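2 protein chains.
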Amino acid sequence: MNVMRPLIHPSIEDVSVEGILHVLSDPVRAAIYAELAGSEGAQICSNFLRIRDRSIPKSTLSQHFQALREAGLVRSERRGVEMHNTSRCAEIQQRFPGLIAAILNAHSVQSAVRTRGAKHKRDARKTKVG
Amino acid sequence: MNVMRPLIHPSIEDVSVEGILHVLSDPVRAAIYAELAGSEGAQICSNFLRIRDRSIPKSTLSQHFQALREAGLVRSERRGVEMHNTSRCAEIQQRFPGLIAAILNAHSVQSAVRTRGAKHKRDARKTKVG
DNA sequence: CCCATAGTTCGGATTTTACGAACTATAGAA
DNA sequence: TTCTATAGTTCGTAAAATCCGAACTATGGG
Numbered sequence: 000m001n002v003m004r005p006l007i008h009p010s011i012e013d014v015s016v017e018g019i020l021h022v023l024s025d026p027v028r029a030a031i032y033a034e035l036a037g038s039e040g041a042q043i044c045s046n047f048l049r050i051r052d053r054s055i056p057k058s059t060l061s062q063h064f065q066a067l068r069e070a071g072l073v074r075s076e077r078r079g080v081e082m083h084n085t086s087r088c089a090e091i092q093q094r095f096p097g098l099i100a101a102i103l104n105a106h107s108v109q110s111a112v113r114t115r116g117a118k119h120k121r122d123a124r125k126t127k128v129g
Numbered sequence: 000m001n002v003m004r005p006l007i008h009p010s011i012e013d014v015s016v017e018g019i020l021h022v023l024s025d026p027v028r029a030a031i032y033a034e035l036a037g038s039e040g041a042q043i044c045s046n047f048l049r050i051r052d053r054s055i056p057k058s059t060l061s062q063h064f065q066a067l068r069e070a071g072l073v074r075s076e077r078r079g080v081e082m083h084n085t086s087r088c089a090e091i092q093q094r095f096p097g098l099i100a101a102i103l104n105a106h107s108v109q110s111a112v113r114t115r116g117a118k119h120k121r122d123a124r125k126t127k128v129g
């Protein structure tokens, strides 16, 4: 019992902006996606057990991939014991022109500044000031 | 007691992509922001008590504006009894070129399809199946 | 001072997220 | 076939984020 559910890949017309933004608003997922979008072939999940100097528990990583997949950002395919993941950026570029490029570019602008600049924030999603 | 806290506006270099994406991944906030970005002068909060055929409780609305503000997307200024809100899109365009335009454009692509097309999803952020 | 309007804060219910433990699935070796 | 290792998923629960009504603050005008 407790069988494994089949992978869900929404068709491109069911992909929503809100979904994309939500998924990419997480720094770990954004980093995974950037890596996938920037690399030629497929990448397996366990390549990301360590990312941006942070180690991610594999159950968490699995859920990040599920989120990326179900938002339509990534296609995952089982090959033997591993999962091959590729970004669906060409399709998304068709549906939402410029969106992915602008987001990836913004991320790299931001990390460029962080690398050079002084202050370093661990999780910048909420820039909360006391 | 229980005084009102001052409004927080991060300086532009503290604005993060993750923060922007997170805030705009909510359909209500995205609609508010689109309206603000598209209109000339300032808008007061209560203009949005009803948006996209949905009525928003004012405590919720207040928190949405707080989120927009603290992510750096919106500037709010008290004028008498009301709050004047303007989008900070020029500053953000400087820091993350093309980001806001691509997001707003993607939203309008999506709603254009929704308007014409058949199926209508109430909250498309999670396209969860079965 | 009293009232009306605009927005905020509080508190509790609901929802979402994170992660360790236990599991499934597949390949290869014995 | 059975054993073992590897890759990833599911479950359970604890922690965090979100939603919204009630009560509040702040401002302006009789």
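Line by line, the protein sequences give chains A and B. As numbered in numbering that gives the first Met the number 0, residues 0 to 129 make up the first sequence, in order. As numbered in numbering that gives the first Met the number 0, residues 0 to 129 make up the second sequence, in order. All C-beta atoms in this analysis are idealised placements derived from N, C-alpha and C, irrespective of residue type, glycine included. Quick caveat: nothing in here was measured; it's all calculated off a predicted structure.
Against residue i, what residues of chain A qualify as contacts under a CB-to-CB distance less than 8 Å, listed in chain order?
i	result
residue 102 of chain B	16, 20, 98 and 101
residue 35 of chain B	What residue 35 of chain B touches in chain A: nothing, since even the nearest Cβ is about 17 Å away.
If you reduce the DSSP assignment to three classes, tell me which class residue i lands in.
i	result
residue 83 of chain B	strand
residue 102 of chain A	helix
residue 27 of chain A	helix
residue 94 of chain A	helix
residue 11 of chain A	helix
residue 19 of chain B	helix
residue 4 of chain A	coil
residue 68 of chain B	helix
residue 34 of chain B	helix
What's the C-alpha gap between residue i and residue j?
i	j	result
residue 36 of chain A	residue 43 of chain A	13 Å
residue 31 of chain B	residue 48 of chain B	10 Å
residue 57 of chain B	residue 25 of chain B	16 Å
residue 52 of chain A	residue 60 of chain A	15 Å
residue 19 of chain A	residue 68 of chain A	10 Å
residue 111 of chain B	residue 11 of chain B	32 Å
residue 73 of chain B	residue 96 of chain A	25 Å
residue 23 of chain A	residue 108 of chain A	15 Å
residue 103 of chain B	residue 50 of chain B	16 Å
residue 77 of chain A	residue 91 of chain A	22 Å
residue 2 of chain A	residue 55 of chain A	25 Å
residue 46 of chain B	residue 7 of chain A	39 Å
residue 93 of chain B	residue 81 of chain A	42 Å
residue 21 of chain A	residue 21 of chain B	6 Å
residue 39 of chain A	residue 75 of chain A	15 Å
residue 9 of chain B	residue 79 of chain A	49 Å
Just confirm the distance between the C-beta atoms of residue i and residue j, as a whole number of angstroms; I'd bet it's less than 8 Å.
i	j	result
residue 33 of chain B	residue 85 of chain B	In fact, because the Cβ distance is near 14 Å, the residues do not count as touching under 8 Å.
residue 14 of chain A	residue 70 of chain A	7 Å
residue 29 of chain A	residue 106 of chain A	6 Å
residue 63 of chain A	residue 27 of chain A	6 Å
residue 66 of chain B	residue 101 of chain A	21 Å between Cβ atoms; not a contact.
Report the neighbours of residue i on chain A: residues whose CB is nearer than 9 Å to its CB, in chain order.
i	result
residue 24 of chain B	16, 17, 18, 19, 20, 21, 22, 23 and 24
Who are the neighbours of residue i on chain A, taking C-beta pairs under 7 Å?
i	result
residue 106 of chain B	16
residue 109 of chain B	15 and 16
By the 10 Å Cβ neighbour count, where 16 or more other Cβ atoms means buried, how is residue i classified, buried or exposed?
i	result
residue 4 of chain B	exposed
residue 128 of chain B	Any reading at residue 128 of chain B is ruled out, since the residue's pLDDT is 36, under 50, leaving its predicted position unreliable.
residue 87 of chain A	buried
residue 99 of chain B	buried
Under 7 Å between beta-carbons, which chain B residues line up against residue i? List them in chain order, please.
i	result
residue 95 of chain A	105 and 108
Which chain B residues sit within Cβ distance under 9 Å of residue i?
i	result
residue 29 of chain A	16, 17 and 20
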